[in-house]
Amino acid sequence: MSFNFEKNSNHSSNGNQNKDEGTVHLNNENLKLLKEDVLYHLALGTATHDLKTMFGDVKYVCMGGTTNRMKNFAEFITKELQFNFPVGTQLLDLCEKGNRFAMYKVGPVLSVSHGMGMPSLSILLHEMAKLMHYAKCIDPVFIRIGTSGGIGVPPGTVVVTSNPVNGFLKNEHEFIILGERVIRPAILDYNLSQSLIACSDKHDNFEVIAGKTMATDDFYEGQGRTDGAVCWHNEEQKFKFLKRAYNIGVRNIEMESTVFGALTHSTGIRAADVCVTIIDRLEGDQVTTTKEDKNQFELRPQTIVGRYIKKDIERLGLLKQK
Ligand code: R2B
Ligand code: URA
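If you want it as structure tokens, here you go:
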């Protein structure tokens, strides 16, 4: 018996094809022994919900930190897709009872909040991957839309992560399981990321770039800030590290990308991380962006992801409701 997800042997960069024609395959034999599986933080379960009927058509799972942002994204995508909710239904938080994450469904799109940091996101990823598996969704993609601190790029730049790296600047994520360190590669989908970058438009008033993303477990010392309640390093040491990160291709810092890459890769789910920068860390540590600018900046990843989903839905001929 193994408690580890293992790399899906049928995984390819084109998707998680397997013997069930693209459904999400979980390498966890233990799940077969469960009479029912309770997706506790989602307030959903295999015995209590008909997951296939509720979620079987899902293709795009978009995740972001806050409930508000993900509700806005659900409303935004409703307009973009000109999606009509079936008579008598409306946009609802499907995980309200769990009181942890919020989840909205707009046809084949799920918009889900994941909270701040890797522990919170990792819980969501385990349960979302299982949800995709039980619902028999075909080749779903996971796209994170978030905010980040930039390195050497103007605030408002959208960074599509090429490789997530940890605080040692290594392209991996460390899990501690049964008293052991388990290192897994943090890998996002190259083709999906390129397709997202290709959704930028020359008329946009912002840049969309590819770059490495550093993920940390802390916003302050973990990201090299000198303005936390505790700090044992100085400005010179901070800049030396930020420049080292810049020189290996890191363009932004956030708090989720390595676990996102590690768990999606381990379950064979294609994934991409699209974050706007709200500060240039070579200019300072304090986030002084106005609320208006931050709101505008947060729309940028949503715009790019919205265009991608719209194009892909058209390509696949998925929405034919009108
Ligand atoms: C970006 O912003 C949050 C910290 O302020 C965190 O969730 C992240 O990755
Ligand atoms: N989110 C982060 O994790 N870091 C920043 O500097 C800004 C947003």
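No gaps in the numbering here: position 59 of the sequence shown is 58 in numbering that gives the first Met the number 0, and each next residue is one more. We treat Cβ as the ideally placed atom computed from N, Cα and C, and that holds for glycine.
According to the DSSP assignment, Leu32 belongs to no alpha helix (DSSP H), since it is labelled neither H nor E. For Met62, the enclosing beta strand (DSSP E) stretches over residues 59 to 63.
The shortest CA-to-CA distance from Val158 to any of Lys34, Met213, Asp292 is the one to Met213. In the DSSP annotation of this structure, the continuous segment of the alpha helix (DSSP H) that includes Arg299 starts and ends at 290 to 315.
For the pair Ile137 and Thr22, the CB atoms are nearer than the 8 Å cut-off. Using a Cβ distance threshold of 8 Å, Leu124 and Phe238 do not count as a contacting pair. The beta carbon of Met131 lies closer than 6 Å to those of Val23, Pro139 in the same chain, with the five residues before and after it left out. When secondary structure is reduced to three states using DSSP, Thr52 falls in the helix class. Less than 8 Å divides the Cβ of Glu35 from the Cβ of Ala46. Taking C-beta atoms under 8 Å as the contact rule, Asp216 and Met117 qualify, at a distance of about 6 Å.
Apart from sequence neighbours up to five positions away, the residues of its chain that approach Glu220 with a beta-carbon distance below 7 Å are Gly227, Val229, Cys230, ordered along the chain. The beta carbon of Ser192 sits no closer than 7 Å to any heavy atom of the ligand URA.
In the three-state reduction of the DSSP assignment, Pro154 falls in the coil class, being assigned neither a helical nor a strand state.
Note on geometry: alpha-carbon atoms of Val181 and Phe174 lie some 5 Å from one another. Of the other Cβ atoms in all chains shown, fewer than 16 fall within 10 Å of the Cβ of Lys310; this residue is therefore exposed. Secondary structure of Ala271 (DSSP, three-state): strand. Judged by DSSP secondary structure, Lys104 falls outside any alpha helix (DSSP H) and instead within the beta strand (DSSP E) spanning 102 to 105.
Taken from the Cβ of Thr146, at least one heavy atom of the ligand R2B lies inside 7 Å.
Distances between the C-beta of Met254 and the heavy atoms of the ligand R2B include at least one below 7 Å. Sixteen is the threshold: since fewer than 16 other Cβ atoms of the shown chains lie within 10 Å of the Cβ of His202, the residue is exposed.
Look at Met115: its beta carbon is less than 7 Å from one of the heavy atoms in the ligand R2B.
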